[in-house]
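Okay, so here's the structure we're looking at.
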Amino acid sequence: PGHVGNEKVSFSKKGDRTYLYMIFIGIFAAVLLYGGMDRDLDKLWEKRKKELLFSYPDFVEKLALLTGAGMNVTGAVKRIYHNQKANKAGPLYEELGIFVRGLDNGMLEERALESLGKRTGLPQYRKFCSLLSVNLKKGSINLKKLLEQEEWEAYEQRKAHARQMGEEAGAKLLL
643 PGHVGNEKVS FSKKGDRTYL YMIFIGIFAA VLLYGGMDRD LDKLWEKRKK ELLFSYPDFV
703 EKLALLTGAG MNVTGAVKRI YHNQKANKAG PLYEELGIFV RGLDNGMLEE RALESLGKRT
763 GLPQYRKFCS LLSVNLKKGS INLKKLLEQE EWEAYEQRKA HARQMGEEAG AKLLL
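The sequence shown maps to residues 643 to 817 in the working numbering.
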């Protein structure tokens, strides 16, 4: 009816807006999923970084030993990689594999060392690769001494890192 008594009456059907709620929930879920994936990626990066830091002193020690025995730097790196390839020893050896394949494909040693330092993303590796690159460019009589000094610094950093991890573990246990 148009009128009820003296009053004008109008009728309208209330619209169904559940589609708006579904769109909002979908967008919210996508944002949460993206944030979770980003957090997982950050955790993987931190794990990779820790593994690279942990394997750095051993790598420097092996390289110092082989170059001290008379091998050139690239030959020593190739030997270290091929000896550890069967063990699948971690991200350092994946990066060394990329380095070795680059050299086998004709990449210049300096450029391969530079890209190795960039790919690891850690200052220790960048410094080390820079040291080796300078050695390739200019030649260095005291490379053995420089490598031994770098090895000592790497082990000191490893001890400090282990001490820090121990303190963190103690704090977690206390909580």
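All residues carry an ideal CB built from backbone N, CA and C; glycine is no exception.
Model, not experiment: these values are computed from the prediction.
- prompt: Could you give the distance in angstroms between the alpha-carbon of Lys814 and the alpha-carbon of His803?
  reply: Numbered from its first residue, the sequence shown carries residue 814 at position 172. Numbered from its first residue, the sequence shown carries residue 803 at position 161. Answer to the nearest angstrom: the Cα atoms are 16 Å apart.
query: Taking the Cβ atom as the reference point for each residue, do Gly744 and Ser757 lie within a distance shorter than 9 Å?
result: Indexing the sequence shown from 1 puts residue 744 at position 102. Indexing the sequence shown from 1 puts residue 757 at position 115. Yes, the pair counts as a contact, with Cβ atoms nearer than the cut-off.
task: Under the assumption that Leu683 contacts Leu789 (Cβ atoms under 8 Å), give the Cβ distance between them as a whole number of angstroms.
output: Residue numbering aside, residue 683 sits at position 41 when the sequence shown is read from its first letter. Residue numbering aside, residue 789 sits at position 147 when the sequence shown is read from its first letter. The pair is not a contact, with the Cβ atoms about 34 Å apart (cut-off 8 Å).
query: With C-beta atoms as the reference, is Glu793 less than 9 Å away from Leu734?
result: As a position in the sequence shown, residue 793 is number 151, starting the count at 1. As a position in the sequence shown, residue 734 is number 92, starting the count at 1. No, the Cβ-Cβ distance between Glu793 and Leu734 is not below 9 Å.
Proximity below 9 Å, CB of Leu773 to CB of Glu751: The sequence position of residue 773 within the sequence shown is 131, counting from 1. The sequence position of residue 751 within the sequence shown is 109, counting from 1. Not in contact: Leu773 and Glu751 (Cβ atoms no closer than 9 Å).
query: Mapping DSSP to helix, strand and coil, what is Val646?
result: One-based indexing of the sequence shown puts residue 646 at position 4. Residue state, collapsed to three classes: strand.
- prompt: For Ile722, does the count of other Cβ atoms within 10 angstroms reach 16, so buried, or fall short, so exposed?
  reply: Against the sequence shown, residue 722 aligns to sequence position 80. It is buried - the Cβ of Ile722 has at least 16 other Cβ atoms within 10 Å.
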